[in-house]
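Here the structure comes first, spelled out in structure tokens, and everything after it is commentary.
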Amino acid sequence: MRPLTRAATLFLTAILLAGCATLSEPRCASNEQRLVSDLLYFGTAKPGGIVSSEEWSEFLRGTVTPKFPEGLSAWQASGQWRSAATGAIVSEASHVLNLVHPETPAAEAAVQAVVADYKSRFQQEAVLRVKNTACVSF
Numbered sequence: 413m414r415p416l417t418r419a420a421t422l423f424l425t426a427i428l429l430a431g432c433a434t435l436s437e438p439r440c441a442s443n444e445q446r447l448v449s450d451l452l453y454f455g456t457a458k459p460g461g462i463v464s465s466e467e468w469s470e471f472l473r474g475t476v477t478p479k480f481p482e483g484l485s486a487w488q489a490s491g492q493w494r495s496a497a498t499g500a501i502v503s504e505a506s507h508v509l510n511l512v513h514p515e516t517p518a519a520e521a522a523v524q525a526v527v528a529d530y531k532s533r534f535q536q537e538a539v540l541r542v543k544n545t546a547c548v549s550f
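Everything in the sequence shown is counted per our numbering, starting at 413 for the first residue and increasing by one.
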């Protein structure tokens with residue numbers, strides 16, 4: 413390989429590998445705490461109907477709140493996703509749940525338990541989870 417071609421190849425490889433590097437954690441100010449912010453997206457279509465407002469409220473009250481008594485935020489949304497089973501694009505009403513918590517094994521297990529309970533209780537194919545690190549102040 414010619415020297416110029418080798419240098420160009422190394423340069424291109426370095427650029428491509430840099431694109432694979434993970435993003436660094438946010439630098440929090442002295443008055444902030446680094447926590448995890450989980451956004452969970454729950455579809456409401458289920459076999460034979462939809463998850464009712466009462467069922468959603470009971471899920472929050474009976475499953476989520478005991479695992480995250482410090483607090484949470486939830487709101488209604490509408491969304492769409494592609495079914496892994498059929499490939500069809502599905503549009504449906506949904507709920508979004510925001511949980512802000514320490515990054516601990518117990519909190520991770522609690523989030524996974526919330527997702528597993530919803531999927532089982534309401535016969536869901538999936539619950540989307542978006543996990544980020546955030547700087548939080550109170």
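The beta carbon of each residue, even a glycine, is placed where N, CA and C say it ideally should be. Keep in mind it's a predicted model, so treat the numbers as computed, not measured.
According to the DSSP assignment, F471 belongs to the alpha helix (DSSP H) that extends over S465 to F471. Taking a 10 Å sphere around the C-beta of S503, we find fewer than 16 other C-beta atoms and assign the residue as exposed. Taking the C-beta atoms as reference points, L509 is found no nearer than 8 angstroms to V542. The DSSP-derived three-state label of R533 is helix. In the three-state DSSP reduction, V526 falls in the helix class (H, G or I). Inter-residue distance for T545 and E482 is about 18 angstroms (C-alpha atoms, whole angstroms). Close CB contacts of D529 within its chain, under the 7 angstroms cut and outside five residues either way in sequence, are with T475 (chain order). Remark: C-beta atoms of Y453 and L511 do not approach each other more closely than 8 angstroms. Ranked by Cα distance from S490, the options A505, N443 and E470 are led by A505.
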